[in-house]
Structure formats: structure tokens, C-alpha cells
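Per this note's numbering, numbering through the sequence shown is continuous, rising by one, with the last residue being 77. A virtual CB, placed ideally from N, CA and C, is assigned to each residue, including glycine.
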Amino acid sequence: MPGSHAEAGQRLAQAGDLKGAETELRRAAEISPKDPLALASLAQVLECEGRLEEAGAWFKRALVLDPSNDAIRGNLVVTK
-2 MPGSHAEAGQ RLAQAGDLKG AETELRRAAE ISPKDPLALA SLAQVLECEG
48 RLEEAGAWFK RALVLDPSND AIRGNLVVTK
């Protein structure tokens, strides 16, 4: 995942600061839009916030980049 923004986003999510995590992970996704883990991490935070439609869109983007990733595929199913 793209460096410090993704790492900060993960730490904030683990601490329960979903808004802060979302901000950092959106920045990570902007910096590295072809990093499926960054996109999926953002999607997971959005899912936790109850924003399933938006989360699903980000999981789909991540899955296009990494079509063999069963974890991303499983998370996408949950958002439907």
C-alpha cells in the first residue's frame, strides 16, 4: 500500500477513527490508484461506516486490479 497515508489510515481505523481513516485512505488511493490493497482498505472503512454502495464501488475497482483476490471478492459480496 502507498506509504504513510495507508499506514495512518489503518492505524486510525483500528483505533475507531473511521472518518480520519477514510481521509487517509482516500489520499492513499489518489496517490496509488492501481494499488488494490489501498482501494480495498478504503472500501472496508466505508463498509464499516454503513456506506455499502460506495464501498461496493471501491471493492469492484480493487477486484479489477486483483481478480484472483478472494478476500476482496468476499467483501464485495457483503456490500450487496
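Where residue 41 falls, given that 16 or more other Cβ within 10 Å makes a residue buried: In the sequence shown, counting from the first residue as 1, residue 41 sits at position 44. It counts as buried.
Spatial neighbours of residue 70 in its chain, beta-carbon cut-off 7 Å, leaving aside the 5 residues before and after: Translated into positions along the sequence shown, residue 70 becomes position 73. 60, listed in sequence order.
Pairwise C-alpha distance: residue 46 and residue 76: Start at 1 with the first residue of the sequence shown, and residue 76 comes out as number 79. Start at 1 with the first residue of the sequence shown, and residue 46 comes out as number 49. Cα-Cα distance, rounded: 12 Å.
Local conformation of residue -2 per DSSP, three classes: Counting from 1 along the sequence shown, the entry for residue -2 is found at position 1. The predicted model places residue -2 with a pLDDT of 45, which falls under 50 and marks its position as unreliable; any figure quoted below should be read in that light. Look at residue -2 here: in three-state DSSP terms it is coil, with no helix or strand label.
For residue 53, the nearest candidate out of 64, 3, 39 and 63 (CA to CA): If you number the sequence shown from 1, residue 53 lands on position 56. With distances taken between Cα atoms, residue 53 lies closest to 39.
Cβ neighbour criterion (16 or more within 10 Å) applied to residue 4: In the sequence shown, residue 4 corresponds to position 7, counting from 1. If you draw a 10 Å sphere on the C-beta of residue 4, you find fewer than 16 other C-beta atoms in it, and that means exposed.
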